[in-house]
Amino acid sequence: MAHYVDGFVVPVPKKNVEAYRKVAKIAGKVWKDHGALEYIECIADDVKKGKWTSFPQSVKLKPNEIVFFSWIVYKSRAQRDKILKKVMKDPRITELGDAMMPFDGKRMIYGGFKPVVEVAKKSSSARAKKH
Numbered sequence: 026m027a028h029y030v031d032g033f034v035v036p037v038p039k040k041n042v043e044a045y046r047k048v049a050k051i052a053g054k055v056w057k058d059h060g061a062l063e064y065i066e067c068i069a070d071d072v073k074k075g076k077w078t079s080f081p082q083s084v085k086l087k088p089n090e091i092v093f094f095s096w097i098v099y100k101s102r103a104q105r106d107k108i109l110k111k112v113m114k115d116p117r118i119t120e121l122g123d124a125m126m127p128f129d130g131k132r133m134i135y136g137g138f139k140p141v142v143e144v145a146k147k148s149s150s151a152r153a154k155k156h
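Residue numbers for the sequence shown follow this note's numbering, beginning at 26 and rising by one.
This is the structure we're talking about:
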């Protein structure tokens, strides 16, 4: 089954990591409530500045910041477009105002992607049938 994925790379000031985490929990619930299949937010753990390119360079990371890499999975592009319209009108998001972005949004990288390879984890029932 083909999906659609929105991906994000965000520079978050270290002092705002907890605020970002709180917003991400709210946002994740909103996206899932409106039909997203997955909502994942990851903080950099093994991310080094590269010689030519890297996650830190992509967002012009400052010394007091850390990179977040995030993605949202949908059934399709059409479903993503419908969900996004609902999310942007959801009071849980609109009422956050400036708190919605505890980072420099001008340096956020984002986009929508069509997967070309998907290797899904088999469910336990599918494994049981095989044996």
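Even for Gly, the Cβ is constructed at its ideal location relative to N, Cα and C.
Which residues in the same chain as PHE138 place their Cβ atom closer than 7 Å to its Cβ, once the five residues preceding and following it in sequence are excluded?
Against the sequence shown, residue 138 aligns to sequence position 113. So the list reads VAL30 and GLY32, once near-sequence residues are dropped.
Which of the three DSSP states, helix, strand or coil, is assigned to VAL34?
Start at 1 with the first residue of the sequence shown, and residue 34 comes out as number 9. In the structure shown, VAL34 sits in a strand (DSSP, three-state: E or B).
Tell me, please, which residues DSSP counts as bridged to PHE94.
To locate residue 94, count along the sequence shown from 1; it is residue 69. Beta-bridge pairing links PHE94 to VAL34 and CYS67.
Check this for me: beta carbons of ALA61 and ILE97, under 9 Å apart or not?
On the sequence shown, position 36 is the one that residue 61 refers to. On the sequence shown, position 72 is the one that residue 97 refers to. Yes, these two residues count as a Cβ contact at 9 Å.
Per DSSP, which one or two residues make a beta bridge with GLY60?
Position 35 of the sequence shown holds residue 60. Its beta-bridge partners do not exist; DSSP assigns none.
To the nearest angstrom, how far is the alpha carbon of GLN104 from that of PHE80?
For the purposes of this step, residue 104 is taken as residue 79 along the sequence shown, with counting starting at 1. For the purposes of this step, residue 80 is taken as residue 55 along the sequence shown, with counting starting at 1. Going by the C-alpha atoms only, they are around 28 Å apart.
List the endpoints of the continuous alpha helix (DSSP H) containing PHE80.
Taking the sequence shown and counting its residues from 1, the one referred to as residue 80 is at position 55. If you look at PHE80, you'll find it in the alpha helix (DSSP H) that goes 80 to 83.
What would DSSP say about GLY137, mapped onto helix, strand or coil?
Translated into the one-based positions of the sequence shown, residue 137 becomes position 112. GLY137: strand per DSSP, three-state reduction.
Could you please give the first and the last residue of the uninterrupted alpha helix (DSSP H) stretch that includes MET113?
Translated into positions along the sequence shown, residue 113 becomes position 88. Note, MET113: alpha helix (DSSP H), 102 to 114.
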